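All remarks here apply to the structure that follows.
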Amino acid sequence: MQKVLDSTVPAGTYDKIKFQIHRLQAADNVAGAADLVAKNASILVDGTFNGTAFQFATSLEAEQELEGKFVIDSTSQNITLNFDPSQWFVSGTTVLDPSDAANKLAIEANIKSSLAAFQDDDESGHENHHGDDDGADDDAGDDHGGGGGGGHH
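Residue numbers (numbering that gives the first Met the number 0): 0 to 152.
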């Protein structure tokens, strides 16, 4: 797990936390996001497939919502947004070529299904199970960690 975002939330009691992935616009003025803006993308993946470099760009929009009672105070409360990219470019046992436009919808569906948000007070990258009464949708995505980047809020 790699921390990619750390944000402070005002103290209070919250009943919902929502993460959104969307295309950035130049007006968003986000440092280091010039490639995303230029490609009208929300996600860029650089890699190699069969020894050939590729860049997969998608304008995928997705959101993950956690419902429950979240009390933010002077003690740490962490929420992890986890992406598990290990399944993005596969369908069953078939590896999907990201440069083949016919695979784009399947890859985007894999990305969307790999998104999970969960309470992670110990910052382990795994959901905290406190009697499983947090109201979270425990079936939303792969919440088992595993190689993906995560952001803590």
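Just so you know, even glycine gets a beta-carbon here, dropped at the ideal spot from N, CA and C. All values derive from a computational prediction rather than experimental measurement.
Could you check whether residue j and residue i sit closer than 8 Å to each other, using their CB atoms as the reference points?
i    : j   : result
D119 : T79 : yes
I71  : F88 : no
Does residue i pass the burial test, meaning 16 or more other C-beta atoms within 10 Å, or should it be called exposed?
i    : result
Q19  : exposed
S113 : buried
V8   : exposed
A56  : buried
L104 : exposed
G124 : buried
N81  : buried
E122 : exposed
E126 : buried
Just confirm the distance between the C-beta atoms of residue i and residue j, as a whole number of angstroms; I'd bet it's less than 8 Å.
i    : j    : result
S41  : E60  : 6 Å
Q63  : A115 : 7 Å
F153 : P97  : This structure leaves residue 153 out entirely; the chain is present only between 0 and 152.
A30  : L23  : Not quite, the Cβ-Cβ distance comes to about 11 Å (not below 8 Å), so this is no contact.
L65  : I16  : 5 Å
In terms of DSSP beta bridges, what is residue i paired with?
i   : result
Q19 : E62
G11 : I71
S90 : T93
L43 : A56
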